[in-house]
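Heads up, the thing below is written out as structure tokens.
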Amino acid sequence: MPDPLLKVRNISKRFGERYAVRSVSFEVSRGEVFGLLGPNGAGKTTLLSVIAGIIAPDEGEVALDGLNPSSPEARSMIGYSPQEPVVYEDLTGFENLMFYAGLHGLTGSEARRRCRELLELMGLSDYANRLVRTYSGGMKKKLSFAAALIGDPELLILDEPTTGMDPGARRDVWRLITGKGDRAVILATHYMEEADALSNRVAIMHEGEIVAEGSPEELKRKYGPRAVISVKLLEHRDEVLELLRPLASEGRIARGDGEVRVHVEDPDEAAPGIVSKLLERGYKLESLRIVRPTLEDVFLRLTGRRLSGE
Ligand SMILES: Nc1ncnc2c1ncn2[C@@H]1O[C@H](COP(=O)(O)OP(=O)(O)OP(=O)(O)O)[C@@H](O)[C@H]1O
Ligand SMILES: [Mg+2]
977 MPDPLLKVRN ISKRFGERYA VRSVSFEVSR GEVFGLLGPN GAGKTTLLSV IAGIIAPDEG
1037 EVALDGLNPS SPEARSMIGY SPQEPVVYED LTGFENLMFY AGLHGLTGSE ARRRCRELLE
1097 LMGLSDYANR LVRTYSGGMK KKLSFAAALI GDPELLILDE PTTGMDPGAR RDVWRLITGK
1157 GDRAVILATH YMEEADALSN RVAIMHEGEI VAEGSPEELK RKYGPRAVIS VKLLEHRDEV
1217 LELLRPLASE GRIARGDGEV RVHVEDPDEA APGIVSKLLE RGYKLESLRI VRPTLEDVFL
1277 RLTGRRLSGE
């Protein structure tokens, strides 16, 4: 295994007496998307600003390829899209990107080509020469995301990159996040499907601390409820519950809303057995539905709150 690109060790940051981030440690390798989920005020933005080298931690250290993130060498390796877009209202979209290109040492025709390419990818070509003050909120967010990509960064730090974007733009961002295989990405988001679809690993943050970390599948297995197979029969007979109970995890089976709900450890393994047992007895199925645990369930269990995204 190559050395992780980013090492975050025991980071703490206080505002006054209050810890916004407390003893947070994790590592992110090239090619990985590390998702950060947490309710409002959990400390995600504070943590990302420390990793981006914008604010200094009170304790702990961040090493990007061995470098302090506030050093110029490290800065040139980072693309950071803050929660509130940092764009210049009195410049056009194109001029904004040219400014960021300059910070990354890109100039002349190469810079212009890259700016036009990113504006195109984000669907902003028609607005390239308009002042940003005339942009909508979602358009500013897109521009800020494009600015983070301009230097082709090795570490991409994204603080709620798709909040306020329409579904099409959100998919454009997703494609760009996953498009480059050897980049490391940290993604704070309130959208469960976004974290689930893009992250190799997810950390759940609560009151400044990471309370769980793992792949989405691991977290769902460990903290989520059991999967449920719900079957609806053309004709229900009460013996069905006893028939299927041996196939249910810890015998958990119930009837409600005209469906029989069987709790199972592994729905892919359990479903064929349930179907064949019913068919053997002459039952006819109207429908079969599998309800799997989601990151939302994990989040609720660990933080006591719902993800606020949608
Ligand atoms: N500059 C600041 N001064 C004082 N307190 C701050 C400052 N910035 C953040 N905080 C506090 O630190 C805590 C963490 O805030 P932070 O913005 O990092 O949370 P977050 O997880 O990004 O939340 P959200 O999901 O709302 O973006 C909060 O209690 C917040 O009030
Ligand atoms: Mg935030």
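Sequential numbering from 977 applies to the sequence shown in the numbering used here.
Glycine included, C-beta positions come from ideal geometry on N, C-alpha and C.
Do you know offhand how far residue i's Cα is from residue j's?
i	j	result
Val-1026	Val-984	10 Å
Glu-1286	Leu-1195	A caution first: Glu-1286 carries a pLDDT of 46, below 50, which makes its placement in the model unreliable, though a value can still be read off. In a straight line, the C-alpha of Glu-1286 is about 20 Å away from that of Leu-1195.
Tyr-995	Ile-1180	17 Å
Gly-1078	Asp-1135	23 Å
Ser-1046	Val-1038	10 Å
Ile-1189	Glu-1060	Residue identity differs from the one stated: residue 1189 is Glu in this sequence, not Ile. Computed Cα separation, rounded: 26 Å.
Arg-1282	Arg-1089	43 Å
Val-1238	Thr-1270	17 Å
Ala-1032	Leu-1024	11 Å
Ile-1030	Pro-1058	11 Å
Phe-1275	Glu-1183	13 Å
Lys-1020	Leu-982	16 Å
For the alpha helix (DSSP H) that residue i lies in, which residues bound it at each end?
i	result
Asp-1273	1271-1279
Asp-1135	First-last for Asp-1135: 1131-1135, but that is the beta strand (DSSP E), not the alpha helix (DSSP H).
Gly-1113	1113-1125
Val-1026	1020-1027
Gly-1232	Note, Gly-1232: premise wrong, no alpha helix (DSSP H); beta strand (DSSP E) at 1229-1232.
Per DSSP, what kind of secondary structure is residue i in: helix, strand or coil?
i	result
Arg-1186	Position check: residue 1186 holds Ile in this sequence, whereas Arg was assumed. Here Ile-1186 sits in strand by DSSP.
Ile-987	strand
Val-1267	strand
Gly-992	coil
Ala-1224	coil
Gly-1285	With a pLDDT of only 48 at Gly-1285, under 50, the local geometry of the prediction cannot be trusted, and the value read off the model is given with reservation. It is coil, neither helix nor strand.
Arg-1092	helix
Ser-1047	coil
Thr-1083	coil
Ser-1191	coil
Arg-998	strand
Leu-1040	strand
Check for me: the beta strand (DSSP E) holding residue i runs from which residue to which?
i	result
Tyr-1056	1054-1057
Gly-1140	Gly-1140 -> no beta strand (DSSP E), and no H or E assigned at all.
Leu-1013	1009-1013
To which residues does DSSP link residue i through a beta bridge?
i	result
Glu-1035	Ser-988
Glu-1240	With the sequence shown as reference, residue 1240 is identified as Val, and Glu is not the correct amino acid for it. The partner list for Val-1240 (beta bridge, DSSP) reads Ala-1203.
Lys-1208	Ser-1263
Taking only beta-carbon positions, decide if residue i is within less than 8 Å of chain D.
i	result
Arg-1090	The structure shown contains no chain D; it holds only a single protein chain.
| query | Going along the chain, which unbroken runs of the beta strand (DSSP E) with 3 or more residues stay wholly within the segment 1149-1183? | reply | Segments of the beta strand (DSSP E) lying fully in the segment 1149-1183: 1160-1164, 1177-1182.
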